[in-house]
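Down below is the structure, laid out as structure tokens.
Residue numbers (my numbering): 2 to 421.
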């Protein structure tokens, strides 16, 4: 039997529900926003793909979590423009094969229904991914692909926050002019060596043109098959040329082979100026050890630019926690930034509809100080290329990469052996 007091309480509760005063149900969380990422997760380039995965997961954790990082979307809590929705990454393995990359991108779009795709390390895989994204009207965010030809395909769903090899190579030749003037020991000659895919051939073509414009002789231009088992013959050709600067455009396994082959040939270049790629990979540093000392590379990231980019230490610490203590590098920093750019567009679009997202990407205007990159900012031209991404030159000195150019932002003077 129910007591009188309990009857009153029960009656009041029933009346409340009848009158619409029932306790409010907790509002359902908005659905996750699915974003595809195509990288080499198996094969020779798998370490690069693994690092890219951790970099993207790091940025997703910043957007979704509560780490309060001093940069755009660094407060976390999801995307406020979409009710606090979280981003969720779905990864696909390209195996560093353009045809597989294309089919995996198509699968992500048609089966997983991702709103955009980020990728893809090599420019050869970016060609096929960007084309399939354009066919399905899904944005492709080119994180670290640097071949200039990618933004000349006439694709309207292609967006690249990072500089191209045109920008990177110009930075190299600007450095040659500046260091020559500063030291009185200019560059008179270069030796170009490159793998034979889109990345390498585009890079070599640009370097040759800029060398000619600068009055610098190209003593040799060596093309080799990507992922070759040996570069001993090519090393002998470099030794015979004995140019002031060796300029390689090579992925990781080739970069390791090249440096070891030059050492075995008894050849120590006066200077090496790399087109990033394999030379910036931590696996390269680990494999060649002290032979990396003095190597220079163009870069879009300066880990030592903490005075002007206060988010770097926090993002780097989170990345280390994701990737077994590894430090951010040029590639992983660009991957972090690619997801940041896409998330910002989604947030401003307040929609996952493809046309709304593309419109938001086209109006992107992010100040460099809101990122971890040393760029003026991020603003896309009509081809989807960022026009405010300015490169730097790094040099590996005493176990770490240091910014040596532009001189105004350098954290160490360049070690310069040309002309000695």
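Glycine included, each C-beta is placed from N, C-alpha and C at the ideal position.
- In the three-state DSSP reduction, residue 396 falls in the strand class (E or B).
- Less than 8 Å divides the Cβ of residue 415 from the Cβ of residue 180.
- Counted as a single uninterrupted DSSP element, the beta strand (DSSP E) harbouring residue 401 occupies residues 401 to 406.
- Looking at the backbone, the Cα of residue 61 and that of residue 155 are separated by about 30 Å.
- Along the segment 150 to 203, the beta strand (DSSP E) occurs as fully enclosed runs of 3 or more residues at 190 to 196, listed in sequence order.
- In this structure, 365 is the residue among 365, 107 and 332 with its C-alpha nearest to the C-alpha of residue 342.
- For residue 133 and residue 412, the gap between their C-alpha atoms comes out near 42 Å.
- Per the coordinates, the alpha-carbon of residue 131 lies some 33 Å from the alpha-carbon of residue 191.
- Here the C-alpha atom of residue 95 lies approximately 35 Å from the C-alpha atom of residue 270.
- For residue 386, the secondary structure class from DSSP, reduced to helix, strand or coil, is strand.
- By DSSP's assignment, residue 246 forms a beta bridge with 191.
- Taking residue 43 as reference, the option from 92, 418, 35 and 219 with the minimal CA-CA separation is 92.
- Non-local beta-carbon contacts of residue 65 in its own chain, meaning distances under 7 Å to residues more than five positions away in sequence, involve 77, 79, 87 and 88 in chain order.
- Where residue 127 is concerned, the enclosing alpha helix (DSSP H) starts and stops at 124 to 137.
- For residue 332, there is no enclosing beta strand (DSSP E); the enclosing alpha helix (DSSP H) covers residues 331 to 350.
- Under the DSSP assignment, residue 77 falls outside any alpha helix (DSSP H); it carries neither an H nor an E label.
- Residue 310 sits in coil when the DSSP states are folded into three classes, being neither helix nor strand.
- In this chain, residue 365 is not harboured by any beta strand (DSSP E), its DSSP state being neither H nor E.
- Residue 57: member of the alpha helix (DSSP H) spanning 47 to 65, first to last residue.
- Per DSSP, the unbroken alpha helix (DSSP H) holding residue 265 starts and ends at 253 to 265.
- Listed in chain order, the non-local C-beta contacts of residue 31 below 7 Å within the same chain comprise 83, 84, 85 and 86, local neighbours out to five positions each way being set aside.
- Contact between residue 123 and residue 100 is absent: CB atoms are separated by about 13 Å, not below the 8 Å threshold.
- In chain order, 129, 130 and 133 place their CB closer than 7 Å to the CB of residue 103, counting only its own chain and leaving out the 5 sequence neighbours on each side.
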